[in-house]
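Worksheet: the structure to be examined is printed underneath.
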Amino acid sequence: MKNNLRKTFSLVLLANLLAFSPLSFAEDKLYTVTDGNVLDEETYKGFIIHRNQCARCHASFGQGMIGPNLADSMNNLTREEFDDIVTNGRMAMPPWKASAEVMAGLDNLYAYFKARADGAIGEVRPKKAQ
Numbered sequence: 030m031k032n033n034l035r036k037t038f039s040l041v042l043l044a045n046l047l048a049f050s051p052l053s054f055a056e057d058k059l060y061t062v063t064d065g066n067v068l069d070e071e072t073y074k075g076f077i078i079h080r081n082q083c084a085r086c087h088a089s090f091g092q093g094m095i096g097p098n099l100a101d102s103m104n105n106l107t108r109e110e111f112d113d114i115v116t117n118g119r120m121a122m123p124p125w126k127a128s129a130e131v132m133a134g135l136d137n138l139y140a141y142f143k144a145r146a147d148g149a150i151g152e153v154r155p156k157k158a159q
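Start counting the sequence shown at 30; every next residue gets the next number (this note's numbering).
The following block contains the structure:
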């Protein structure tokens, strides 16, 4: 009886340790920013798309111009909402579903805008990590 109780307790303890270990909470990092403006390669691709397609309405650093401030917007959007807005447009923003560059780089663009929204990149021109 004691032996079964020990086995049960051990299994419950092991299950809890595994369930609440740091590995279970690990999340892929969306972006890496060093020195305030050096971006990992994938996030830098998002910056290039922003510069080529988005900056004309959202300004150089996404601070807003004709279009809204992207840092503010990103703090209030889920990933699904972001994808929908970029793909299908919203109010004055055109849909980008016909743009191969934007659609292929949606993950990169999201990472770049999240880095801006999180304050990881200030209002500076990003550089690509070497």
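All C-beta atoms in this analysis are idealised placements derived from N, C-alpha and C, irrespective of residue type, glycine included.
Every value quoted in this text rests on a predicted model; they were computed, and no experiment measured them.
Residue i burial status per 10 Å Cβ neighbour count (16 or more: buried)
i, result
"N117", "exposed"
"V172", "The chain is shown from 30 up to 159; residue 172 falls before or after that span and cannot be answered."
"V153", "exposed"
"G91", "buried"
"G75", "buried"
DSSP-derived helix/strand/coil call for residue i
i, result
"Q159", "coil"
"R154", "coil"
"T61", "coil"
"L99", "helix"
Under 8 Å between C-beta atoms of residue i and residue j
i, j, result
"G65", "G134", "no"
"K157", "L68", "yes"
"M132", "G96", "no"
"P155", "Y73", "yes"
"L138", "H79", "yes"
"A100", "A146", "yes"
"A140", "E71", "yes"
To test your reading of the DSSP string, which unbroken alpha helix (DSSP H) runs of 4 or more residues are found completely within the stretch 108-152?
You should have 108-117, 129-133, 135-146.
Spell out a yes or no on whether the stretch 100-110 and the stretch 120-136 are touching, meaning 3 or more CB-CB pairs, one atom from each, closer than 8 Å.
No, the stretch 100-110 is not in contact with the stretch 120-136.
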